[in-house]
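Per the working numbering, the very first residue in the sequence shown carries number 26; after that it's consecutive.
All residues carry an ideal CB built from backbone N, CA and C; glycine is no exception.
For reference, the structure discussed in these notes is given below.
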Amino acid sequence: MSANIFTDSFNYFSDDIGIDLGTANTLVSLRGEGVVVFEPSIVAIKRSTREILLNGEAVGDKAKVMEDKAPSSIAVIRPMKDGVIADFDITQAMLSYFIRKGKRHASRRRFFSFKPRVLIAVPTGVTPVEKRVFIDAAERAGAREVFLMSEPMAAAIGAGLPTGSPRGNMIVDIGGGTTEVAVISLADMASQKSIRVGGDEMDHAIIQHIRTHHKIAIGNPTAESIKKEIGSAEGFKEEKKMEISGMNLSTSLPARITITSEEIRMALRPIVDDIIRAIKQTLENTRPELAGDVLKNGIVLAGGGCLLNGLDSIITRETGIPCERAEGTVDLCRARHFQGAREH
Ligand code: ADP
Ligand code: MG
26 MSANIFTDSF NYFSDDIGID LGTANTLVSL RGEGVVVFEP SIVAIKRSTR EILLNGEAVG
86 DKAKVMEDKA PSSIAVIRPM KDGVIADFDI TQAMLSYFIR KGKRHASRRR FFSFKPRVLI
146 AVPTGVTPVE KRVFIDAAER AGAREVFLMS EPMAAAIGAG LPTGSPRGNM IVDIGGGTTE
206 VAVISLADMA SQKSIRVGGD EMDHAIIQHI RTHHKIAIGN PTAESIKKEI GSAEGFKEEK
266 KMEISGMNLS TSLPARITIT SEEIRMALRP IVDDIIRAIK QTLENTRPEL AGDVLKNGIV
326 LAGGGCLLNG LDSIITRETG IPCERAEGTV DLCRARHFQG AREH
């Protein structure tokens with residue numbers, strides 16, 4: 026999630042649609058209105074035919090509600106998992122769904138050209154072939170012109186960094202499947218590193234830890250709520266506890282246990298280390314003058330994964346560089362929680 030990617034630097038995008046197609050969440054923004062769609066990047070399909078359910082509309086929130094209740098004939102998938110396109114057709118269908126949704130939002134408020142220009146933020150790792158897939162999908166969904174922008178750049182713009190100035194700014198965007206680190210100067214990436222580690226990997230580490238140390242199996246949603254509630258990169262002033270339920274691996278019966286924030290922190294440590302290593306490596310590969318700017322200006326964290334407790338302070342301690350979360354990221358997550366609370 027990279028907040029609203031339209032800022033003054035994109036004035037020429039007067040009435041068009043911006044899409045941040047993340048591995049976990051997709052955001053659609055409209056110029057002057059900000060984010061109008063914030064939904065999970067998931068799709069529900071019929072396994073046998075790979076058709077998208079609800080006549081092509083079972084995407085995002087509509088697919089999410091099917092996730093836990095789907096019979097075996099239905100698959101709820103994340104086509105962008107790991108920051109690359111795992112499934113071309115379905116990614117294409119998902120993108121056109123979100124473009125249609127953006128167009129619907131726009132037409133509600135004012136006259137809107139039927140053929141908008143579409144700006145899509147894509148992971149830095151996408152290949153030229155994959156880029157073509159995004160462009161084709163957007164054109165088929167009625168785009169007049171399509172612009173692709175790398176995700177760290179979109180995250181930097183969304184975070185309000187002065188990307189166009191001749192000054193080095195570091196952005197660290199921690200998404201579901203990937204973490205993208207970039208130093209941006211003069212509207213370009215001066216150095217960049219992308220690792221296939223993010224929020225999903227944190228969930229996975231928690232599942233493995235509970236399995237090994239408590240002999241209990243838990244699912245992804247439980248692991249994610251553990252991460253959000255008691256997960257951390259650095260010690261809390263007062264350590265936390267949480268009661269969770271899962272399945273006892275030897276009896277296959279439901280079980281409840283209490284876990285602590287200390288043990289979750291230990292389980293998450295390797296991932297936090299990977300992120301810190303990627304930041305250090307990117308700095309090493311940055312020209313000294315720009316690296317000096319980063320030292321002075323600090324590091325900006327974005328993406329849902331940056332909300333892990335204490336991540337900002339551990340990065341500051343390990344790199345010696347001040348670090349803060351992009352305001353938009355925190356606001357958007359709050360808004361999302363609020364929206365979720367109203368829907369259920
Ligand atoms: P993407 O850009 O890949 O779609 P996002 O930026 O939307 O990803 O981030 C999604 C990730 O952020 C998920 O792994 C989610 O669990 C994680 N996340 C969201 N809120 C929190 C939180 N409060 N603490 C830790 N991780 C969080
Ligand atoms: Mg993202």
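Inclusion of residue 49 in the 7 Å shell around the ligand ADP follows from its C-beta lying nearer than that to a non-hydrogen atom of the ligand.
DSSP places residue 327 in no alpha helix (DSSP H) but in the uninterrupted beta strand (DSSP E) bounded by 324-327. For residue 270, the closest C-alpha among the options 340, 287, 245 is that of 245.
Residue range 194-199 is occupied by the beta strand (DSSP E) that includes residue 198. Excluding residues up to 5 positions away in sequence, 70 lie with their Cβ nearer than 7 Å to the Cβ of residue 76 in the same chain. For residue 259, there is no enclosing alpha helix (DSSP H), as DSSP gives it neither H nor E. Counting the other Cβ atoms within 10 Å of the Cβ of residue 213 gives fewer than 16, which makes it exposed. DSSP assignment within the segment 155-230 yields the following whole beta strand (DSSP E) runs of 3 residues or more, N-terminal first: 170-175, 194-199, 204-210, 213-220. Three or more Cβ pairs drawn from the segment 185-203 and the segment 319-334 lie within less than 8 Å of each other, which places the two stretches in contact. Of 268, 224, 317, 310, the smallest CA-CA separation from residue 334 is found for 224. For residue 303, the uninterrupted alpha helix (DSSP H) run begins and ends at 286-309, by DSSP. Residue 231 places its beta carbon 8 Å or farther from that of residue 168. Using a Cβ distance threshold of 8 Å, residue 72 and residue 111 do not count as a contacting pair.
For residue 338, no beta strand (DSSP E) encloses it; the enclosing alpha helix (DSSP H) starts and ends at 336-344. Per DSSP, residue 88 lies in no beta strand (DSSP E) segment; the continuous alpha helix (DSSP H) that holds it begins and ends at 86-92. Under the DSSP assignment, residue 46 falls in the beta strand (DSSP E) whose first and last residues are 42-46.
Going by DSSP, residue 59 is part of the beta strand (DSSP E) stretching over 59-65. In this structure, residue 60 sits away from residue 83, with a CB-CB distance that is not shorter than 8 Å. Residue 205 and residue 183 have their C-alpha atoms some 15 Å from each other.
Residue environment analysis places residue 171 among the buried positions, since at least 16 neighbouring C-beta atoms fall within 10 angstroms of its C-beta.
Not one heavy atom of the ligand MG is found less than 7 Å from the C-beta of residue 202. When DSSP states are grouped into helix, strand and coil, residue 144 belongs to the strand group.
The ligand ADP has no heavy atom closer than 7 Å to the beta-carbon of residue 78.
By the criterion of a C-beta distance shorter than 6 Å, residue 255 is surrounded in its chain by 265, 267, 286, 289, once the five residues flanking it on both sides are discounted.
Going by beta carbons, residue 181 and residue 209 fall inside the 8 Å limit.
Distance from the CA atom of residue 47 to the CA atom of residue 312, rounded to whole angstroms, is 29 Å. Residue environment analysis places residue 56 among the buried positions, since at least 16 neighbouring C-beta atoms fall within 10 angstroms of its C-beta.
If you compare the alpha carbons of 179, 219, 281 with that of residue 240, the shortest gap goes to 281. With a threshold of 7 Å, the Cβ atom of residue 155 does not count as near the ligand MG, since no heavy atom of the ligand is closer than that. If you draw a straight line from the Cα of residue 336 to the Cα of residue 140, it is about 42 Å long. The shortest C-alpha to C-alpha distance from residue 143 to any of 173, 152, 155 is the one to 173. Looking only at 115, 90, 106, the smallest Cα-Cα distance to residue 74 is reached by 115.
Cβ neighbours of residue 161 within its own chain (closer than 8 Å, five residues either side excluded): 117. Within its own chain, the residues whose Cβ lies closer than 7 Å to the Cβ of residue 338, once the five positions on either side in sequence are excluded, are 259, listed in chain order. Between residue 326 and residue 351, the gap from beta carbon to beta carbon is short of 8 Å.
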